[in-house]
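Peer 1:
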Amino acid sequence: MTITKSYVAKSVEQMRPSGIRKFFDLAATMDGVVSLGVGEPDFVTSWSVREAAINSLERGFTSYTANAGLIELRQEIARYMSDRFHVHYSPKEEIIVTVGASQALDIAIRAITDPGDEIIVVEPCFVSYAPLVELAGGRAVTIGTTGDTGFKLQPEQLEAAITDKTKAILLCYPNNPTGTQLDRDDLEAIAEMVKKYDLLVIADEIYAELAYDQAHTSIASLEGMRGRTILINGFSKGFAMTGWRLGFTCAPEEISSAMLKIHQYAMMCASTPAQYAALEALQHGMGDVESMKKDYRQRRNYMVQSFKEIGLDCHLPGGAFYVFPSIQSTGLTSEQFAEKLLLEEKVAVVPGSVFGAGGEGYIRCSYASSMSQLQEAVKRISRFIENNTK
Amino acid sequence: MKLNEKEVEILEILQKDARFEAADIAKMIGLSETEVADTIRRLEEEKVIVHYATLVDWAKMDNYTGVTAMIDVKVTPKRGVGFDEVAERIYRFKEVSSVYLMSGVYDLSVTVEGKSMNEIARFVSEKLSTLDSVVSTTTHFQLKKYKHDGMIYTAKREDNRIVVSP
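These protein sequences, in sequence, are chains A and B.
Under UniProt numbering, residues 1 to 390 are what the first sequence spells out, in order.
Under UniProt numbering, residues 1 to 166 are what the second sequence spells out, in order.
#1: Identify, in the order they occur along the chain, each residue of the same chain with its Cβ nearer than 7 Å to the Cβ of F85 (chain A), setting aside the five sequence neighbours on each side.
#2: Using CA coordinates, which residue listed in A:L210, A:A348 and A:S326 is at the minimum distance from I162 (chain B)?
#3: Can you round the beta-carbon distance between Y322 (chain A) and P177 (chain A) to whole angstroms, since I take them to be within the 8 Å contact cut?
#4: Counting along the chain, where does the alpha helix (DSSP H) carrying G100 (chain A) start and finish?
#5: Cutting at 6 Å between CB atoms, please list the residues of its own chain near G19 (chain A), excluding the five before and the five after it.
#6: Where DSSP assigns a beta bridge to G114 (chain B), which residues make up the other side?
#7: Count the other CB atoms within 10 Å of the CB of M61 (chain B); is the residue buried (16 or more) or exposed (fewer)?
#8: Relative to the C-alpha of Q75 (chain A), which residue among A:I95, A:V87 and A:E58 is closest?
#9: Would you say R41 (chain B) reaches chain A, if we count a Cβ-Cβ gap shorter than 7 Å as a contact?
#10: Is there contact between the stretch 333–350 of chain A and the stretch 27–42 of chain A, where contact requires at least three CB pairs shorter than 8 Å?
#11: Taking the Cβ atom as the reference point for each residue, do A278 (chain A) and L246 (chain A) lie within a distance shorter than 7 Å?
#12: Are the beta-carbon atoms of G69 (chain A) and V97 (chain A) separated by less than 7 Å?
#13: I'd like to know whether the C-beta atoms of R299 (chain A) and Y362 (chain A) end up nearer to each other than 7 Å.
#14: Cβ of A251 (chain A) within 7 Å of Cβ of G319 (chain A)?
#15: Can you name the residues of chain A whose CB is closer than 7 Å to the CB of G150 (chain B)?
#16: Among all the DSSP beta bridges, which residues are the ones paired with E9 (chain B)?
#17: State buried or exposed for S11 (chain A), treating a residue as buried only when at least 16 other CB atoms are found within 10 Å of its CB.
#18: Say whether chain B places a C-beta atom closer than 7 Å to the C-beta of Q328 (chain A).
#19: So, with DSSP's three-state summary, where would you put P284 (chain A)?
#20: Using a Cβ-Cβ cutoff of less than 6 Å, which residues in the same chain neighbour M303 (chain A) once the five nearest sequence positions on both sides are dropped?
#21: Using DSSP bridges, identify the partner residues of P115 (chain A).
#22: Between E113 (chain B) and G66 (chain B), how many whole angstroms is the CB-CB distance? I'm expecting something under 8 Å.
#23: What would DSSP say about G168 (chain A), mapped onto helix, strand or coil?
#24: If the cut-off is 7 Å on Cβ atoms, which residues from the stretch 117–146 of chain A count as contacting chain B, listed in chain order?
#25: Taking CB distances under 7 Å as the criterion, tell me whether I20 (chain A) reaches chain B.
#26: Whole alpha helix (DSSP H) runs in the stretch 215–266 of chain A with 4 or more residues, listed along the chain?
#27: Comparing the C-beta of Y302 (chain A) with each C-beta of chain B, is any distance below 7 Å?
#28: List the residues of chain A that S165 (chain B) touches, going by C-beta distances under 8 Å, in chain order.
#29: Taking DSSP's pairing of strands, which residues face M151 (chain B) in a bridge?
#30: Return helix, strand or coil for R139 (chain A), following the three-state DSSP convention.
#31: From the DSSP output, in three-state form, read off T4 (chain A) for me.
#32: CB-CB under 7 Å to Q264 (chain A), same chain, minus the five flanking residues each way: which ones, in chain order?
#33: Please decide whether A27 (chain A) counts as near chain B, where near means a Cβ-Cβ distance under 7 Å.
#34: The beta strand (DSSP E) spanning I162 (chain A) covers which residue range?
#35: Identify the residues that DSSP records as bridge partners of C125 (chain A): which are they?
#36: Whole angstroms is fine: what's the gap from M259 (chain A)'s alpha carbon to W244 (chain A)'s?
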């Protein structure tokens with residue numbers, strides 16, 4: 001019998017494909033592209049970390065670990081989070097090792113979302129937040145932050161988006177794509193609102209390690225917020241371990257056990273060699289993180305200053321590895337700009353519009369590339385702007 | 001000599017790649033181009049920046065016969081001048097590319113570069129061993145250079161990342 005219908009679920013059919021895909025397809029067919037479109041470090045994971053994984057394989061550590069992850073790793077995570085961000089979690093009950101921060105996000109959202117629950121997503125942001133909320137049966141309510149506030153979420157904006165169905169708010173600082181960091185005062189104001197309306201925060205702090213001017217403040221470290229926060233972090237960005245797929249959640253016991261239920265059925269546990277690698281990274285890898293950070297900081301300064309000289313408005317981002325210059329002066333939309341730049345000068349950037357509300361008029365430029373690549377990109381963008389300004 | 005944070009940062013950048021221009025360094029560390037250029041000039045004058053050179057992989061050249069030897073030298077230090085006098089007598093030879101005073105079983109680590117093994121053998125037996133303070137020498141010839149001054153000679157820098165990712 002012939003197949004007469006689509007078997008794909010309606011909820012999936014209705015999902016929009018990521019806007020990044022289009023640029024990837026276009027850029028992938030071209031030679032000599034200088035890419036500022038990459039959302040991962042250009043550094044290779046440090047050798048001591050790779051060596052630890054190799055060693056674990058040689059010793060035959062190839063079985064499952066506990067669902068929540070190796071207890072030694074969870075203990076190190078607890079110590080790390082307490083040393084670095086002054087948040088304290090029990091390794092046994094409150095930490096889960098996940099397959100990247102992406103899976104951490106998924107279990108966090110699914111663990112708290114009932115059908116019809118609203119989750120506030122602050123845009124521009126990483127492309128997966130709203131789709132994950134929808135997949136979990138919730139409704140993603142988006143707020144667009146804007147360039148004139150440096151892409152900082154304003155408490156009034158948040159309050160205006162809150163309804164009696166609001167369950168949680170999803171925050172990502174330092175932010176992908178804007179690089180914006182929130183300082184303690186900004187966070188206090190948001191925390192007040194969260195407490196006032198009895199909400200939960202899912203805090204994606206995957207870029208926490210990459211903060212250049214002032215240390216990252218975790219919203220969970222603010223008074224009264226520990227019980228209202230699911231912290232998400234991981235090894236991809238700060239430790240240059242994207243391909244290992246290793247992240248973790250820190251959350252109060254009740255929420256952690258809910259997330260662990262999903263995790264044990266859907267994932268069983270994170271990859272064992274990756275967990276041994278992460279253990280080494282936390283025990284002996286902080287020096288490498290510091291040296292990468294130093295490079296990122298110099299590159300960030302270089303990019304922001306270069307965009308200013310080219311004549312594109314660009315705020316100084318406090319963290320992550322993106323600058324988010326405005327291209328409004330060119331009269332092009334961010335998608336037109338990115339496409340034209342790719343075709344004329346073979347520089348790949350990501351149009352701000354793919355990151356949701358507030359992103360239009362901006363482009364995301366990753367500086368996770370060598371200085372020589374960045375210098376070449378700046379040269380080409382500068383020529384592009386000259387050619388496209390009447 | 002006290003160096004400030006920016007001076008250290010400039011030195012670190014130049015140590016990685018001496019060809020960075022003042023204008024770019026200025027953007028990287030948030031100073032003006034003139035400030036960076038002045039700082040570099042001052043550091044050169046103070047000999048904090050000793051020299052700029054190029055790391056060459058001579059093994060790539062056909063028929064290259066040059067050899068490098070590392071020689072462990074035991075010496076008798078002299079009253080008043082310690083090891084400095086004999087070190088100076090050694091480093092003045094143009095074939096000597098480095099001299100370090102070491103802790104451990106020998107005193108001076110001397111790197112010698114020559115056109116052939118014979119040339120180095122002659123240097124060791126005629127010039128080095130015959131110095132009054134030199135008690136003994138042990139010569140090690142380098143067979144292959146893998147990594148030098150933090151640079152891996154055979155490293156291919158491949159970027160395996162996908163061109164655009166979220």
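Don't be surprised by glycine CBs; every beta carbon is placed ideally from N, CA and C.
Peer 2: Let me lay it out:
#1: Spatial neighbours of F85 (chain A) in its own chain (CB-CB distance under 7 Å, excluding positions within 5 residues in sequence) are listed in chain order as A208, H216, S218 and S221.
#2: Looking from the CA of I162 (chain B), the closest CA among A:L210, A:A348 and A:S326 belongs to A:A348.
#3: With a Cβ gap of about 5 Å, Y322 (chain A) and P177 (chain A) count as contacting.
#4: Counting along the chain, G100 (chain A) sits inside the alpha helix (DSSP H) bounded by residues G100 to I112.
#5: Cβ neighbours of G19 (chain A) within its own chain (closer than 6 Å, five residues either side excluded): V354.
#6: DSSP lists B:V67 as partners of G114 (chain B).
#7: Residue burial annotation: M61 (chain B) is exposed, with fewer than 16 other C-beta atoms found within 10 angstroms of its C-beta.
#8: Residue A:I95 is the option with its Cα nearest to Q75 (chain A).
#9: No, R41 (chain B) lies away from the interface with chain A (no Cβ there is under 7 Å from its Cβ).
#10: Segments in contact, yes.
#11: Here A278 (chain A) is near L246 (chain A), since their CB atoms are less than 7 Å apart.
#12: For G69 (chain A) and V97 (chain A), yes; Cβs fall inside 7 Å.
#13: No.
#14: Between A251 (chain A) and G319 (chain A), the C-beta spacing is not below 7 Å.
#15: By Cβ distance, chain A contributes nothing, its closest Cβ being about 12 Å from G150 (chain B), past 7 Å.
#16: For E9 (chain B), which the question treats as bridged, DSSP gives no partner whatsoever.
#17: Using a 10 angstroms sphere on the CB of S11 (chain A), the tally of other CB atoms stays under 16, which defines it as exposed.
#18: Closer than 7 Å: no.
#19: In the sequence as displayed, the identity of residue 284 (chain A) is His instead of Pro. Correct three-state label for H284 (chain A): helix.
#20: If we look at M303 (chain A) and ignore the five residues flanking it on each side, its Cβ neighbours are V323 and Y367.
#21: Per DSSP, none; premise fails for P115 (chain A).
#22: Distance from E113 (chain B) to G66 (chain B) at the Cβ level is roughly 7 Å; contact confirmed, criterion being Cβ atoms closer than 8 Å.
#23: The question names Gly, but residue 168 (chain A) in the sequence shown is Ala. Strand at A168 (chain A).
#24: Under the 7 Å Cβ criterion, the stretch 117–146 of chain A contributes F126 and V127.
#25: Yes, because at least one Cβ of chain B sits closer than 7 Å to the Cβ of I20 (chain A).
#26: For the stretch 215–266 of chain A, whole alpha helix (DSSP H) runs of length 4 or above, ordered along the chain, are 253–266.
#27: Yes, Y302 (chain A) counts as interfacial toward chain B.
#28: Those within 8 Å of S165 (chain B) in chain A are I20, F24, G37, V38, G39 and E40.
#29: Residue pairing from DSSP places M151 (chain B) in a beta bridge opposite B:H148.
#30: The answer is strand: DSSP assigns R139 (chain A) an E or B state.
#31: DSSP places T4 (chain A) in the coil class of the three-state scheme, outside both helix and strand.
#32: Within the same chain, Q264 (chain A) has close Cβ partners N67.
#33: A27 (chain A) counts as touching chain B.
#34: For I162 (chain A), no beta strand (DSSP E) segment is defined, and its DSSP state is neither H nor E.
#35: DSSP lists no partner for C125 (chain A).
#36: Rounded to whole angstroms, M259 (chain A) to W244 (chain A) spans 21 Å at the Cα level.
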